[in-house]
Amino acid sequence: MDSLRKLTGRSAIPPEVLIAAVVAAGGALLFLLVGVLRWQLDGDSGWLRFPLVVAALELVVAAGLITGFRPSRITAVILFLLLALLHLLTTLNTGPVWARVIAGVLSAAHVYGVVLLNTNPALVYLKRKGTR
């Protein structure tokens, strides 16, 4: 496997895991950006508390997925499902249309991340490579 990686120059991390990590990191930063924009528009710094906590959790999960830390897959699946539900509730709630659209996109992205983490390459990578 390592010799093939040297010949092709490709990463040993499956693309499914990389995309799930990008969903985690990108989703965290986009949710934080929405919180900052709502804070600037409404003048209430309370819009930043929860996005900061979510960003910290998702960035830790993204780092765990990239490094191949074995428990990061189930942690990411649980976190992604909870955040997908949260963003879906935000989409169905009242508020600015732009924030609801972004929440809908984030909800769909987190569901996609769960699907990616349940594919065979992701399961094999995170079970063999990860720490026990």
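Using UniProt numbering, the letters of the sequence shown map in sequence onto residues 1 to 132. All C-beta atoms, glycine included, are put in the ideal place defined by N, C-alpha and C.
Measuring only the C-alpha atoms, how far is residue i from residue j?
i, j, result
"residue 81", "residue 37", "25 Å"
"residue 125", "residue 102", "31 Å"
"residue 21", "residue 116", "10 Å"
"residue 49", "residue 16", "30 Å"
"residue 107", "residue 14", "23 Å"
"residue 72", "residue 98", "32 Å"
"residue 74", "residue 32", "23 Å"
"residue 68", "residue 120", "15 Å"
"residue 61", "residue 24", "7 Å"
"residue 47", "residue 39", "6 Å"
Output needed for residue i: all residues of its chain with C-beta closer than 8 Å, excluding positions within five of it in sequence on either side, in chain order.
i, result
"residue 1", "Here residue 1 scores only 49 on pLDDT, less than 50, and its place in the model should not be relied on; the value that follows carries that caveat. Around residue 1: 12."
Suppose the cutoff is 6 Å on Cβ atoms and the five residues either side in sequence are ignored; what does the same chain contact list for residue i look like?
i, result
"residue 110", "80, 83, 84"
With a threshold of 16 other CB atoms inside 10 Å of the CB of residue i, please say whether the residue is buried or exposed.
i, result
"residue 113", "buried"
"residue 92", "exposed"
"residue 132", "Note that residue 132 scores a pLDDT of 47, beneath 50, so its modelled location is shaky; the value from the coordinates is reported in the next line. Under this definition residue 132 is an exposed residue."
Per DSSP, what kind of secondary structure is residue i in: helix, strand or coil?
i, result
"residue 119", "coil"
"residue 68", "coil"
"residue 44", "coil"
"residue 84", "helix"
"residue 51", "helix"
"residue 104", "helix"
Check whether the segment 47-59 touches the segment 21-28, counting contact only when three or more Cβ pairs, one atom from each stretch, lie closer than 8 Å. yes
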